[in-house]
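Asks:
Residue numbers (the UniProt record's numbering): 1 to 92.
#1: With 16 as the cutoff for other CB atoms within 10 Å, does residue 39 come out buried or exposed?
#2: Thinking just about the alpha-carbon of each residue, which of 36, 58, 42 is nearest to the one in residue 80?
#3: In the DSSP assignment, find the alpha helix (DSSP H) that holds residue 70 and state where it starts and stops.
#4: Round the Cβ separation of residue 50 and residue 75 to the nearest angstrom and send it over; I've been treating them as touching at under 8 Å.
#5: Less than 8 Å between the beta carbons of residue 14 and residue 52, yes or no?
#6: In this structure, does DSSP put residue 40 in helix, strand or coil?
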C-alpha cells in the first residue's frame, strides 16, 4: 500500500490566462510502501515500511520523536538499498 506523506501545497504561480499552469510542490512526491503480513495461522505480523534510499541519511533521525520507543519495541530501521520505495522479493 503506497502511503503519501507530503504531497505539496497545491498552489500555483503563473500569469493570468496562460495555457499551462504548474503547481508548486507536485513534482517531488514523498511516499513509502507499507506492507502488512499475516502468518499461515492468521496471526498479524509486524508491518514493513519501505522507503527509498541507500544511505543512513534515508532513515529517520535518531533524535526524532518516537525513535527510541520504536527501537525498544524491536523496530529495525535499515536503508532499502534501492532507488524505489516499492517492496520486492529482495527487500528485507
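For every residue, glycine included, the Cβ atom is placed at its ideal position computed from N, Cα and C. All of these numbers come straight from a predicted model, not from anything done at the bench.
Replies: Looking at the atomic coordinates:
#1: exposed
#2: 58
#3: 67–72
#4: The beta-carbon distance between residue 50 and residue 75, rounded to whole angstroms, is 13 Å. This is too long to meet the 8 Å contact definition.
#5: Cβ atoms of residue 14 and residue 52: not closer than 8 Å.
#6: Collapsing the DSSP output to three states places residue 40 in coil.
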